[in-house]
Each structure stands twice: as structure tokens, then as C-alpha cells.
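Structure first, then comments.
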Amino acid sequence: MSDTVLRLDGVRVHDAVTGRDLVRGVTFDLTPGKTVGIVGESGSGKTLTCRAVLGILPQHFTVSAGVIELNGRDVTGFTARDWTEVRGSAVGAVFQDPASYLNPSLRVGSQIAEVLRVKKGLSRRAARHRATALLASVRLRDPDLVYQQYPHELSGGMLQRVLIATAIAADPQLLIADEATTALDVTVQAEILDLLADLRDRTGLALIVVSHDLAVVAQLCDEVLVLRDGQVVEQGPTDRILFDPQHEYTRLLIAEHEQYGLDALLEQHSLELDHVG
Ligand SMILES: Nc1ncnc2c1ncn2[C@@H]1O[C@H](COP(=O)(O)OP(=O)(O)OP(=O)(O)O)[C@@H](O)[C@H]1O
């Protein structure tokens, strides 16, 4: 049996209002412990691709062609009920603005515990225990204290850790991080990327990392898809895409990033590879 966590083949996303296809033929596979990056300018279809995988396309949008298989199951014909079962337990996600995904009037720990009670059927006590362990596993110091805190008491980086803990609470095989570090300052961003890499390496989680920032992708991804206007213009191993881009648009993206220190990251990346090799 194949251990493919996610398989997309020729996926198109159609907007019934405008009659346009906004994602036009996305194809990739993900196996445990691997990371695929999706890059491209704003509006290129990165988020819609992720939303198709999560079964949360906006109204009037449908997967109009292609196949999406999660753990070997074709999800394109899924009902809302099928999705409720799969979301969280097969695939989790974190987005750019963590505060908007938490209830401001509930303690953060109890929000994770609630997921555990619903998705894993844990008792109140077991859920509390497990939620505290999850807060520790995303490297929040003093998880007992954090459990008791309300969202407004936490920084952006801490909130994103809480969201990651929530997203992995029901042990999904796949985590989608859609611009998850974009709003954070550089140091916190590096810590969160390191945390994601660590979770992946420790648990075999597969990751989809969406970012407009090629430095993020250089750090985390095995394979990169470059999207423009809903189409994949280039796709391949991260080093090949970043060191030897074939498409003019990829070259442009890289040139735009050079001023933000991509060079330094690439150097570090190749040093690490030399080290491994
Ligand atoms: N809810 C929606 N209603 C109408 N159009 C939408 C909606 N969501 C996305 N689109 C359109 O679909 C296209 C792709 O959007 P998508 O959000 O996938 O882009 P993106 O690459 O993730 O961009 P960004 O980096 O800005 O998030 C864009 O033209 C966008 O305007």
C-alpha cells in the first residue's frame, strides 16, 4: 500500500460567479515527513488550492476537475459531513491571523481541550491533560499557565503556537501552514519555522507551506510549486528551483527576494546540504 498522505492530480478550482477557473491544474504528492511549498504572488491561487484540500472553498467555488486524495480517499465528492470527520483528524491548518481563529472569551487551553473531546472523544480530565502536553510540545514555556490564559494575553507568536497545537491535536497526517509566519517578526518567524520542522521530523507530519517569502520555503521545503495566475509555471526539488530556476517568473520572484537576504539563507542551506552529503 502506498504511504501517500496527499495526492493532487490536475486540480482545477472554478468560480461559478465569474465563470473562471482560478486554479488551473495543480499536481503534487506528499508522503509522511515531507514538505511541499507553494509560492507565487498575491492572487495566484495558493490559498484556494489549500482550501480545496481542506474542503473549505468559498461559496460558488468548486473543484471542477482533477483528483484530491487524502490518505488514499478521493475527497472531491465529499459531503459536509464527510469533511467534518476528516478535518482536524486527517488534515489541520494554520493561517496568517491566529487571533481570528480563537474565541476571545475562552481560555486557550479549554479551546484545545474542546477539540480533543469532540475529535478524540477524551474525557474532560484527559483532554485537559493532553491539551497541556500539546502546549508544551509547541514549546510554550509554562504550559499550565498558558492553558489558563485568554487570547488577548498572548503575543502573536504564542497565539500561532496555540493554533499549531490546536491543528495537530487530533493527530492529522497533514498540516497546512498558509502564510502562518507572515505577520510575525523575523525572530519569532524563525522560531515557528523551526517548530514546524521539528514537529515534522519527530512525528512524520507532512506539511504544505504557503508563502510569498522564498526564504521560508528555502528553509522548510523538499519540493516547490511556483504558481502564477492559477497555473503551475515551475515545480521541482527546492534546490533546483532556487539555484537553477528555468522559468522567467521564478527568476523574477528570486530577484525580488534577494534584497531580503535569500542569498544568506541559500548559502546556509547549501552548507547544511554539504554537511549532510
Ligand atoms: N472568497 C472569494 N471570492 C471571490 N474571489 C476569490 C475568493 N477567494 C479568492 N478569490 C480569488 O481567487 C484568486 C486566487 O486567490 P487566492 O486567495 O488563492 O490567492 P493567493 O495566491 O493565496 O493570494 P494571497 O497571497 O493574496 O493570499 C484571486 O483572484 C482571488 O481574488
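Per full-length UniProt numbering, residue 1 is the first one in the sequence shown, and the count goes up by one each step. Here a beta-carbon is modelled for each residue, glycine too, at the ideal position from N, C-alpha and C.
- Item | Residues near I38 by beta carbon distance below 7 Å, same chain, minus five either side | Closer than 7 Å at the Cβ level, and outside the excluded window around I38, lie K46, T49, I208, V210, L225, L227.
- Does the beta carbon of M158 sit closer than 8 Å to a beta carbon anywhere in chain C? Protein chain content of the structure displayed is limited to a single chain, and chain C is not contained in it.
- Item | Under the three-state DSSP convention, the category T69 falls into | A small correction: the amino acid at residue 69 is Glu; Thr does not occupy that position in the sequence shown. Judged by DSSP in its simplified three-state form, E69 adopts strand.
- Query: Helix, strand or coil: which one does DSSP assign to H257?
  - Reply: The answer is helix: DSSP assigns H257 an H, G or I state.
- Given 8 Å, three or more beta-carbon pairs between the region 157-165 and the region 91-104: Contact between the region 157-165 and the region 91-104 is established, with three or more Cβ pairs separated by less than 8 Å.
- Task: Could you check which residue in A131, Y150, R125 has the C-alpha nearest to that of A170?
- Result: Distance check between A170 and each of A131, Y150, R125 places A131 closest, using alpha-carbon atoms only.
- Query: Could you check where the alpha helix (DSSP H) with Q148 kicks off and where it finishes?
  - Reply: 143-148 is the span of the alpha helix (DSSP H), which, as asked, contains Q148.
- Query: When the distance is taken between beta carbons, is L57 closer than 8 Å to A29?
  - Reply: As written in the sequence, residue 29 is Asp, which differs from the Ala given in the question. In terms of Cβ geometry, D29 and L57 do not form a close pair [threshold 8 Å].
- Item | 8 Å CB neighbourhood of D74 in its chain, flanking five on each side removed | So the list reads V67, I68, once near-sequence residues are dropped.
- Return the Cβ separation of D15 and L22 in integer angstroms, given the expectation that the two are a contact with Cβ distance under 8 Å. With a Cβ gap of about 6 Å, D15 and L22 count as contacting.
- Is any heavy atom of ligand 1 found at a distance shorter than 7 Å from the C-beta of T47? Answer for T47: yes, Cβ within range of ligand 1.
- Item | Span of the alpha helix (DSSP H), counted from its first residue to its last, around D82 | Taken as a continuous stretch (DSSP letters only), the alpha helix (DSSP H) holding D82 covers 80-86.
- Message: Can you tell me whether F243 is buried or exposed? The criterion is at least 16 other CB atoms within 10 Å of its CB, across all chains shown.
- Response: Around the beta-carbon of F243, fewer than 16 other beta-carbon atoms lie within 10 Å, marking it exposed.
- Check G236 in the structure and name its three-state DSSP category. In this structure, G236 counts as strand in the three-state DSSP scheme.
- Mark L163 as exposed unless 16 or more other C-beta atoms lie within 10 angstroms of its C-beta, in which case mark it buried. Label assigned to L163: buried.
- So, using beta-carbon positions, are A113 and A127 closer together than 8 Å? Cβ atoms of A113 and A127: closer than 8 Å.
- For H152, which of helix, strand or coil comes out of DSSP? Reduced to three states, the DSSP call for H152 is helix.
- Query: Any heavy atom of ligand 1 within a distance shorter than 7 Å of the CB on L22?
  - Reply: Placement of the Cβ of L22 at a distance of less than 7 Å from at least one heavy atom of ligand 1 is found.
- Can you tell me which of the three DSSP states A93 falls into? Of the three classes helix, strand and coil, the one that applies to A93 here is strand, per DSSP.
- Determine the direct distance from the alpha carbon of G72 to that of V11, and round the result to whole angstroms. Approximately 16 Å between the Cα atoms of the pair.
- V188 to R240, Cα distance in whole Å? Across the structure, V188 and R240 are spaced so that their CA atoms are roughly 28 Å apart.
- Tell me whether V186 is buried or exposed, calling it buried when 16 or more other Cβ atoms sit within 10 Å of its Cβ. Exposed, because fewer than 16 other Cβ atoms sit within 10 Å of the Cβ of V186.
- Query: In chain order, what residues of the same chain have a beta carbon less than 6 Å from the beta carbon of R20, not counting five sequence neighbours either side?
  - Reply: Take R20, set aside five residues on each side of it, and no residue of its chain has a beta-carbon closer than 6 Å to its own.
- Taking 7 Å as the line, does the beta carbon of P245 fall inside it for any heavy atom of ligand 1? No, the Cβ of P245 stays beyond 7 Å of every heavy atom of ligand 1.
- Message: Using the three-state DSSP reduction, which class does A136 fall into: helix, strand or coil?
- Response: Here A136 sits in helix by DSSP.
- Item | Pairwise C-alpha distance: G40 and Q111 | Each residue's Cα considered, the two are about 33 Å apart.
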